[in-house]
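Reviewing the structure listed below.
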Amino acid sequence: MRALLSTHGSSGDVAMTEHAVVIAGAGPTGLMLAGELALAGVVVTIVERRAGQDLAGARAGGLHSRTIEVLDQRGIADRFLSEGQVAQVAAYLPGMPLDISDFPTRHNYGLGLWQNHIERILAGWVHELGVPIRYGSEVTGFAQDDTGVDVELSDGQSLRAQYLVGCDGGRSLVRKAAGIEFPGWDPTTSALLAEVEMTEEPELGIRRTPSGMHALGKVEYEFKDGEVVYKPGGTVGVMLTESHVGTSEPTLRDLSEGLIAVYGTDYGIHSPTLITRFTDMTRQAAAYRDRRVLLAGDAAHVHSPVGGQGLNTGVQDAVNLGWKLAQVVHRTAPESLLDTYHAERHPVAARVLRNTMAQVALMRADDRIEALRDTVSELLSMDEPRKRFAAMMSGLDIHYDLGGGHPLLGRRVPDLDLVTANVRLRVFTLLHTARPVLLNLGEPGGFDIAPWADRVQLIDAEYAGPWELPAIGTVTAPTGVLVRPDGHVAWVGDQTQVGLVDALTAWFGLPTAA
Ligand SMILES: Cc1cc2nc3c(=O)[nH]c(=O)nc-3n(C[C@H](O)[C@H](O)[C@H](O)COP(=O)(O)OP(=O)(O)OC[C@H]3O[C@@H](n4cnc5c(N)ncnc54)[C@H](O)[C@@H]3O)c2cc1C
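Quick note: the sequence shown uses the working numbering, first residue 1, plus one each step.
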């Protein structure tokens with residue numbers, strides 16, 4: 001049922017519209033979640049404070065390998081790849097690259113693509129799926145009861161939803177109004193971030209001073225032979241580490257003074273389109289769910305942008321949550337399925353937080369830290385550490401704890417080339433509709449999952465090649481694999497079907513009576 005239910009008058013004259021899910025925020029996380037819910041047939045609407053999708057400033061610079069895979073699972077990766085710059089972008093720190101070209105994935109690279117383009121492409125997809133976005137409207141509060149949530153909007157209207165998801169960024173109103181704690185660490189360092197015009201051609205690249213690391217780059221660039229190549233002229237992106245954690249609203253004058261302190265000149269800066277500040281504040285929501293209210297993306301975790309993990313983690317939160325929330329809305333799975341969202345995604349972001357704290361510490365301007373940086377750099381040039389860290393930074397090693405057993409369990413399924421009775425197809429193609437799939441790689445017809453046939457695709461297929469996992473290597477070929485809509489493996493069959501019914505029930509609900 002895709003129609004909206006409109007009711008009036010339950011709270012005086014205020015119009016109230018009913019939805020299954022309301023998402024606060026049309027950033028990358030909210031857009032991805034909306035797409036996932038819409039694919040699963042859930043009536044969803046997004047409320048976005050901005051007047052449109054336009055984004056002030058560049059923010060995130062691109063996508064890591066696992067996020068590209070996730071988009072490929074929905075058949076939309078090419079939309080991003082065709083607009084961005086494919087390159088080895090993963091790095092532990094600037095100057096410590098982590099090459100993943102030998103990884104067993106179709107996307108053994110990252111993608112340079114600014115966040116405004118990522119959002120525009122995601123919004124186009126969400127639009128095709130028929131999700132309404134209420135731009136220029138803000139969630140100002142909510143009240144939840146046993147059956148739903150009344151979501152108050154800045155325009156005086158109110159939306160009734162079964163669930164509200166706060167994808168409303170680091171200062172999340174939804175998180176605060178839900179009373180969810182946001183423990184962590186106050187900032188130790190801050191940086192001015194700007195996009196400006198310059199009358200003189202600046203010294204591009206990274207410069208280190210006693211106050212820290214600084215960088216000048218062009219917003220327009222391309223990769224040639226693995227190197228960033230800028231065109232002459234054009235908008236310059238400025239990143240200046242401040243000597244003390246800044247708190248006031250930054251100005252063009254602050255920027256000019258900062259440039260002179262580091263470079264001896266401000267290169268004639270003028271016409272800023274963005275002047276802002278970011279810090280290494282590191283915090284994570286203590287709970288990703290309070291009854292009918294959930295958090296995802298920056299609303300659930302904030303940290304330093306070093307390593308480029310934030311947007312990627314948010315998009316992957318959305319892909320973990322979407323199919324679970326859809327099943328709970330459709331009542332094919334119990335509400336307790338939503339607890340697995342926190343259980344799986346909280347540790348992933350907690351690891352990102354720990355890492356970014358380590359990375360920020362390693363960037364400090366201090367002779368001893370520089371010695372430590374050299375040591376880490378040497379370690380990461382060795383093959384095993386490089387693989388471990390590259391798999392982590394690119395998101396390819398994410399492993400949900402679904403119990404012991406075969407190494408595939410809880411990890412992402414590789415995008416193998418399968419041979420079925422009629423066609424050759426890729427595993428990811430089977431995930432385009434965001435429906436789970438049981439791959440039977442043994443005797444054709446060897447599985448009977450009729451009680452789940454309305455929810456789970458059963459595909460008899462052959463695959464003769466190796467099963468390889470990033471940073472782990474070759475694993476034993478399974479005879480059956482149950483793949484969740486997010487691409488993670490929920491069950492592995494090794495000649496037997498032991499545990500399959502339990503896995504189907506746990507992830508996709510009780511069997512339908514014959
Ligand atoms: C300098 C910098 C560089 C970065 N580089 C990278 C990178 O290279 N790679 C990477 O992965 N990440 C990077 N990040 C992080 C990335 O930008 C964020 O993690 C990402 O934007 C989070 O997406 P989100 O959708 O969760 O939140 P946001 O992008 O913050 O979106 C939240 C949305 O909610 C809206 N909103 C807020 N409050 C309300 C409300 N009450 N009602 C309705 N709407 C509301 C906002 O207008 C916004 O559109 C960088 C960040 C910075 C600052």
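All C-beta atoms in this analysis are idealised placements derived from N, C-alpha and C, irrespective of residue type, glycine included.
Taking 6 Å as the cut-off, the C-beta of R59 counts as close to a heavy atom of ligand 1. Here DSSP, grouped into helix, strand and coil, assigns V43 to coil. Residue environment analysis places K387 among the buried positions, since at least 16 neighbouring C-beta atoms fall within 10 angstroms of its C-beta. Out of G184, V219 and V131, the CA that lies nearest to the CA of E197 is found in V219. Of the candidates Y135, S65 and D78, S65 places its Cα closest to the Cα of Q88. The continuous alpha helix (DSSP H) containing V427 extends over residues V427 to L430. Under the DSSP assignment, L129 falls outside any alpha helix (DSSP H); it carries neither an H nor an E label. Between A90 and M393, the C-beta spacing is below 7 Å. In the structure shown, W114 adopts coil according to DSSP, grouped into three states. Only residues of its own chain outside the window of five on either side were considered, and among them V238, L255, P272, L274 and I275 have a CB closer than 7 Å to the CB of A194, listed in chain order.
In the three-state reduction of the DSSP assignment, H19 falls in the strand class.
Boundaries of the alpha helix (DSSP H) around D502: L500 to F508. Between the region 142-152 and the region 113-131 there are fewer than three C-beta pairs closer than 8 Å, too few to call the two in contact. Taking a cut-off of 8 Å on C-beta distances, the region 450-462 does not touch the region 362-381, as fewer than three cross pairs fall below it. Three or more beta-carbon pairs separated by less than 8 Å are not found between the region 283-291 and the region 360-369, which leaves the two stretches without contact.
Within the same chain, and ignoring the five residues on either side of L418 in sequence, the residues whose Cβ sits closer than 6 Å to its Cβ are L425, A461 and Y463.
For T67, there is no enclosing beta strand (DSSP E); the enclosing alpha helix (DSSP H) has its first and last residue at S65 to Q73. Around the CB of V498, fewer than 16 other CB atoms lie within 10 Å, so the residue is classed as exposed.
For I459, the uninterrupted beta strand (DSSP E) segment begins and ends at Q457 to D460.
With 16 or more other Cβ atoms inside 10 Å of its own Cβ, V236 counts as buried. If only complete runs of 4 or more residues are kept, the region 346-389 shows the alpha helix (DSSP H) at 367-380, in order along the chain.
By alpha-carbon distance to K224, the top candidate from R368, Q85, Q73 and A123 is Q85. In the structure shown, I449 falls within a coil segment according to DSSP collapsed to helix, strand and coil. Scanning its chain for C-beta atoms nearer than 6 Å, with the 5 sequence neighbours on each side dropped, one finds around L396 the residues S65, R66 and P470, in chain order.
Closest in alpha carbon position to A51, among T199, S137, V423 and G258, is S137. Note on V131: 16 or more other CB atoms within 10 angstroms of its CB, so buried under the neighbour-count rule.
Runs of the beta strand (DSSP E) spanning 3 or more residues and lying entirely within the region 185-218 occur at 190-198, 205-209 and 212-218, in chain order. Between Q495 and T505, the C-beta spacing is not below 7 Å.
When beta bridges are read from the DSSP output, V165 appears opposite I23 and L294. Within 6 Å of the C-beta of A421 there is not a single heavy atom belonging to ligand 1.
R277 is bridged by DSSP to L192. At least one heavy atom of ligand 1 lies less than 6 Å from the C-beta of G314. A residue is called buried once 16 or more other Cβ atoms fall within 10 Å of its Cβ, and H19 is buried on that count. Taking the Cα of D280 as reference, the smallest distance to any Cα among H244, A40, T313 and E36 is reached at H244.
The C-alpha of E257 lies about 46 Å from the C-alpha of Q157. With a cut-off of 8 Å on Cβ pairs, the region 477-491 is in contact with the region 435-449, counting three or more such pairs.
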